[in-house]
Every structure is written in structure tokens, then in C-alpha cells.
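Residue numbers (my numbering): 1202 to 1468.
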Ligand SMILES: NC(=O)c1ccc[n+]([C@@H]2O[C@H](COP(=O)([O-])OP(=O)(O)OC[C@H]3O[C@@H](n4cnc5c(N)ncnc54)[C@H](OP(=O)(O)O)[C@@H]3O)[C@@H](O)[C@H]2O)c1
């Protein structure tokens, strides 16, 4: 049985994706912060005849990210699908600039850096699960990274922080796809859908415009569609291959982000 990990599976679009993968015969490791929601999802998947295990971790602390990677390693010897989906929106639980447990700007930490570290820690398992896919759930909301103030100590806005973290995921995806060429592992990213009816969108005060099913269709395409076999380093706008912000195609910016991320995560 092939094993998938979906981060941020306790709510929103991740929850739908986890259920779909389980119904297609995957064993799904479902991650989130909230144990009650995690247990409820596992019960739901089991009741439908699927296999799932909940793994709890707060991605706002790099120590927890490492702990999550270790927990995945205790659950399985191989991972054929990793979906980095967990994230916080422009407002989250509270407006204003916040920092992670490690002193990093919170959206950069949770939406990007946690996935960077998790992916690197899980690569041996993903290599053991080839052919394997990595899917990074980014957004159409993208803002170039200001390398002079990555932690947004000046001119902070929640939207800017969110959009910077989402573009960082795209730079990472393209960089990772290059590094994994010929390994049997592909890495792609996407904007799942605009203003899906989820907690993040409701917290940010935006009016939902699409359903989680639409976003789940887009994520599932990158995760399992035969058309995407062997294709890597791509950005999709929902179902359509598209171009991200220009910074994603700037090799020097990608190298700079990689170097910074390796330093910040101690890899
Ligand atoms: N909604 C949209 O329209 C939209 C548009 C573009 C991109 N996206 C992207 O799609 C992804 C999913 O968004 P969504 O709308 O489904 O969000 P959501 O309903 O708010 O769910 C977010 C998920 O991430 C988890 N999470 C949040 N902060 C976390 C932390 N510090 N540590 C661990 N887990 C954490 C949550 O866990 P808990 O259940 O424990 O809170 C939850 O499972 C995000 O990456 C988002 O940026 C969404």
C-alpha cells in the first residue's frame, strides 16, 4: 500500500484531499495541530474503509517539524506522496506581525520554512517510495522576497507576509525539481483555487468564491494524474499549467533563498 503525507489535513482543502487519497487506496498520514479534528478525520476515513493515521505537530516551531519527520519515519519506510499544504492566511488567529518559536516571521516560518525542512528530512523516505511526487500548495497571491528584510521587520502587512511565503514555496519547488532530476521524484506546486470556503479565507474577511472540491481537484491532479507523470518544476493555476511571479525563474534568487533556508533550519 502506497503511503502519502498531507500536512494541514485537519481542515479546509487538505481534509478533502486526504479523504480522496484514502478512497483511492492510499494509506494517508494526516497532519494538523488539532488532535480532535485529526481523530475525527481518521475515524471518517476508517468508516469509509480507508487507512489513515493522525500525526500532530505545530509547524510554527522547527523542533516540531523535526519531530513530525521522525514520527513519519516510525510510521513508514517509504513515502510516495508528500503534500505540503498546511498554512496560515494573511490574518490567521490574530492580525499583526508574529514570530515563530525560532524567532522567524510566522507566515514565512509556517507556510514555507516548515515545508522546506520537512521535505529535506523526509527525502530518504520519498526516495524509497519512487516513483514519488511532492506537491507544494502555494497561491496566486505572490510577492517577491525582499532579501534585505525577509522577516518583514519594516512595512509589515499580513497580505505581504502571506504572499512572500507563498512565492518562497514556488522558488523552493523549482529548485527542488532541479535537484531531484533523474531521481524518480517530481516536485510541482499550484494555486489550488481562489477564495475557497475555508477557515483561512473566512478569518481574512474575504467572501468565499469557490469550493474546497475545486481546490482538491487541482491538488489531486498534481498528486496522482498520469498526465503529470515525470513532469516536474511546474506551477499550476488551479488545473492549468501557468507562470508564477518572475522571481521564481531567477536562479540567483532561488540560490539565495536556498542558502538562507539551509542556514535558518540548520540543515
Ligand atoms: N483557501 C483558499 O482560497 C486558498 C487559496 C490559495 C492557496 N491556499 C492554500 O491552500 C492551503 C490550505 O488552505 P485552506 O484554505 O484549506 O486552509 P485552512 O482551512 O485554514 O486549513 C489550514 C490547515 O493548516 C493547518 N495549520 C495551520 N497552521 C498550522 C501550524 N502552525 N502548524 C500545523 N498546521 C497548521 C491547520 O491545522 P488546524 O486544523 O490544527 O488548525 C489546517 O489543517 C494553504 O497552504 C493555503 O495557503 C488556499
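Heads up, the beta-carbon is just placed ideally off N, CA and C, and yes, glycines get one too.
Residue i, DSSP secondary structure in three states
i, result
"residue 1265", "helix"
"residue 1336", "strand"
"residue 1217", "helix"
"residue 1430", "coil"
"residue 1159", "Residue 1159 lies beyond the residue range present for the chain, which begins at 1202 and ends at 1468; the question has no answer from this structure."
"residue 1239", "helix"
"residue 1465", "helix"
"residue 1254", "strand"
"residue 1388", "strand"
"residue 1207", "strand"
"residue 1225", "coil"
"residue 1341", "coil"
"residue 1260", "coil"
"residue 1249", "coil"
Any non-hydrogen atom of ligand 1 within 8 Å of residue i CB
i, result
"residue 1427", "no"
"residue 1260", "yes"
"residue 1375", "no"
"residue 1311", "yes"
"residue 1298", "no"
"residue 1235", "yes"
"residue 1247", "no"
"residue 1438", "no"
"residue 1229", "no"
"residue 1379", "no"
"residue 1382", "no"
"residue 1394", "yes"
"residue 1359", "no"
"residue 1421", "no"
"residue 1290", "yes"
Range covered by the beta strand (DSSP E) that runs through residue i
i, result
"residue 1437", "1436 to 1438"
"residue 1228", "1228 to 1233"
"residue 1395", "No beta strand (DSSP E) holds residue 1395; DSSP gives it neither H nor E."
"residue 1354", "Counting along the chain, residue 1354 falls outside any beta strand (DSSP E), and DSSP gives it neither H nor E."
"residue 1331", "Element bounds for residue 1331: n/a, residue is neither H nor E."
"residue 1441", "1441 to 1443"
Range covered by the alpha helix (DSSP H) that runs through residue i
i, result
"residue 1360", "1359 to 1380"
"residue 1424", "1413 to 1425"
"residue 1400", "1400 to 1404"
(request) Jot down the residue ranges of each uninterrupted beta strand (DSSP E) in the stretch 1262 to 1328, minimum 3 residues, whole runs only, in chain order. (result) 1282 to 1285
(message) For the structure I just gave you, are there three or more beta carbon pairs, one from the stretch 1209 to 1220 and one from the stretch 1413 to 1421, closer than 8 Å?
(response) yes
(request) Pair every Cβ in the stretch 1277 to 1290 with every Cβ in the stretch 1314 to 1330, then say whether three or more of these pairs are closer than 8 Å. (result) yes
(request) Assess, as a yes-or-no matter, whether the stretch 1384 to 1403 is touched by the stretch 1326 to 1345 under the definition of 3 or more beta carbon pairs within less than 8 Å. (result) yes
(request) Say whether the stretch 1285 to 1305 touches the stretch 1237 to 1245, bearing in mind that this needs 3 or more beta-carbon pairs closer than 8 Å, one atom from each stretch. (result) no
(request) Say whether the stretch 1432 to 1441 touches the stretch 1298 to 1318, bearing in mind that this needs 3 or more beta-carbon pairs closer than 8 Å, one atom from each stretch. (result) no
(request) Evaluate contact between the stretch 1403 to 1414 and the stretch 1369 to 1386, counting only Cβ atoms and requiring at least three cross-stretch pairs below 8 Å. (result) no
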